[in-house]
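Chemist:
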Amino acid sequence: MKIVVDGFGGDNSPDEIVKGVALAIKKYSDLYVIITGDKDKLEELFDNYDIDKSRIEIVHTTEIIINDESPTEAIRGKKDSSLVVALNILKEREDVCGLVSAGSTGAVLTGAFMKIGRMKGVSRPALAPLLPTKNKGRVLLIDCGANMDSKPINLCHFALMGSAYMKNMFNIENPRVALLNVGVEDKKGNELCHQTFPLLKQLPINFVGNMEARDFLSGKYDVVVSDGFSGNVLLKASEGAIQTLMSILKNEIKARKMSMIGALFMKKSFKAVKKLMDYEQWGGSPFLGAKKILIKSHGSSFAPSILASIEQVIQINNDKLYDKIEKQIEETQDICEKLIENK
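Quick note: the sequence shown uses the numbering used here, first residue 95, plus one each step.
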């Protein structure tokens with residue numbers, strides 16, 4: 095199995111990217127990794143690890159795309175960047191099944207649109223991160239930023255792809271799919287929600303209705319469908335709220351001696367909560383609907399998250415998830431088109 099990794103994407107590259115790749119090579123004996131970036135630097139870093147280097151191919155590049163660059167201009171202008179070269183390898187080499195990058199989200203998504211394209215029948219690919227729920231489960235948010243403006247047909251495809259992902263990746267027999275809205279009542283929301291709600295009810299999925307943002311991490315839902323703008327706001331607000339709450343709790347404990355003593359007895363509980371809320375264990379966000387597997391890791395990812403992202407590619411490939419998604423889209427294409435026409 096061959097996977098390409100953007101060696102100079104992310105805040106902690108290339109050190110943590112190399113470390114993550116080294117962990118993956120050591121863990122999976124049948125894995126072959128192509129990594130892009132400055133060859134001298136990458137070779138120097140890999141020398142620190144006792145791994146089978148015959149299963150690592152370094153493709154030298156001379157440029158790096160940074161976060162504050164225009165995604166479109168960067169993809170078009172920096173043709174020898176670690177990201178663009180990685181995207182080209184994914185596109186051109188049939189033996190490469192997926193790509194992992196912690197680089198600029200805008201550049202990764204723009205590059206995927208321009209170079210990889212979408213699978214047959216999918217109106218728009220979507221970014222779909224997993225987040226932890228309070229009952230120690232997980233919820234998939236689709237879309238969270240790839241499509242700022244969406245149409246009802248896009249959200250229908252998001253729902254189908256998200257449901258297929260959770261069913262096949264986590265053995266959830268009948269994933270509960272909800273539509274992000276400002277209220278749970280059927281008639282709530284903007285025009286997009288008004289048009290999409292009745293369509294989702296008629297698709298072959300377990301659509302359970304609207305969901306308010308406050309219930310996102312409740313554990314009541316397996317898939318939450320949204321346009322990219324609203325989904326990104328929900329994602330960032332949820333991450334910010336969790337970080338703020340943990341920071342407040344930490345400060346309050348330190349402010350009082352009795353609280354610090356009590357915290358010693360709750361150390362295991364605090365560690366469990368921290369582990370549950372740590373995105374490092376979840377890997378990255380799959381770009382569902384693209385022709386090939388692409389995982390966007392968090393920009394501040396450390397080695398464990400890079401390893402988890404590589405493992406996502408491995409699992410998606412082994413489970414033939416994209417074939418299953420494409421089949422489901424094809425089987426429901428006539429239904430979706432008729433629903434839109436009748437609407």
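Glycine included, each C-beta is placed from N, C-alpha and C at the ideal position.
Can you name the start and end residues of the beta strand (DSSP E) that Y259 belongs to?
Modeler: Taken as a continuous stretch (DSSP letters only), Y259 belongs to no beta strand (DSSP E), being part of the alpha helix (DSSP H) at 246-264.
Chemist: By Cβ distance, which residues of its chain are closer than 6 angstroms to F301, with the 5 residues on each side in sequence left out?
Modeler: Cβ within range, chain order: V271, L294, K295.
Chemist: For K295, which three-state DSSP category applies?
Modeler: DSSP places K295 in helix when its eight states are reduced to three.
Chemist: Measure the C-alpha to C-alpha separation of K147 and D105 and round it to an integer number of angstroms.
Modeler: When rounded, the distance between both Cα atoms is 25 angstroms.
Chemist: Can you tell me where the beta strand (DSSP E) with P108 in it begins and where it stops?
Modeler: Looking at the DSSP string, P108 is not in any beta strand (DSSP E), and its letter there is neither H nor E.
Chemist: Assign G334 to one of two classes, buried (16 or more other C-beta atoms within 10 Å of its C-beta) or exposed (fewer than that).
Modeler: Exposed: under 16 other Cβ atoms inside 10 Å.
Chemist: Using only the alpha-carbon positions, how far apart do S164 and A201 sit?
Modeler: Those two C-alpha atoms are separated by around 8 angstroms.
Chemist: Using three-state DSSP, classify F323 as helix, strand or coil.
Modeler: Helix.
Chemist: Is the distance from the Cβ of S176 to the Cβ of D100 below 7 angstroms?
Modeler: The answer is yes: Cβ separation under 7 angstroms.
Chemist: Below 7 angstroms CB to CB, which residues in the same chain sit around G131 once its five sequence neighbours on both sides are set aside?
Modeler: Hits under 7 angstroms: G101, F102, P108, T155, S176.
Chemist: For K120 versus I152, is the C-beta spacing smaller than 7 angstroms?
Modeler: For K120 and I152, no; Cβs fall outside 7 angstroms.
Chemist: Just reading off the beta strand (DSSP E) that K172 is part of, what are its end residues?
Modeler: No beta strand (DSSP E) contains K172, which DSSP labels as neither H nor E.
Chemist: In this structure, does DSSP put R232 in helix, strand or coil?
Modeler: R232: strand per DSSP, three-state reduction.
Chemist: Return the residue from the list I408, R170, G205 that minimises the CA-CA distance to V190.
Modeler: The residue with the shortest Cα to Cα distance from V190 is I408.
Chemist: Can you tell me whether G303 is helix, strand or coil according to DSSP?
Modeler: Note: G303 maps to strand in three-state DSSP.
Chemist: Is E431 buried or exposed, if buried means 16 or more other CB atoms sit within 10 Å of its CB?
Modeler: Per the 10 Å Cβ criterion, exposed.
Chemist: Which residues does DSSP pair with G192 in a beta bridge?
Modeler: Beta-bridge pairing links G192 to I97, I387.
Chemist: May I ask you to list the residues that DSSP assigns as paired with H288?
Modeler: Answer by DSSP bridge pairing: none, since H288 is not bridged.
Chemist: Please list the terminal residues of the continuous alpha helix (DSSP H) segment that includes S379.
Modeler: Looking at the DSSP string, S379 is not in any alpha helix (DSSP H); the run it does join, the beta strand (DSSP E), is 379-382.
Chemist: In three-state DSSP terms, what is P226?
Modeler: Correct three-state label for P226: strand.
Chemist: Kindly indicate the opening and closing residues of the alpha helix (DSSP H) around T199.
Modeler: Its alpha helix (DSSP H) spans residues 199-205.
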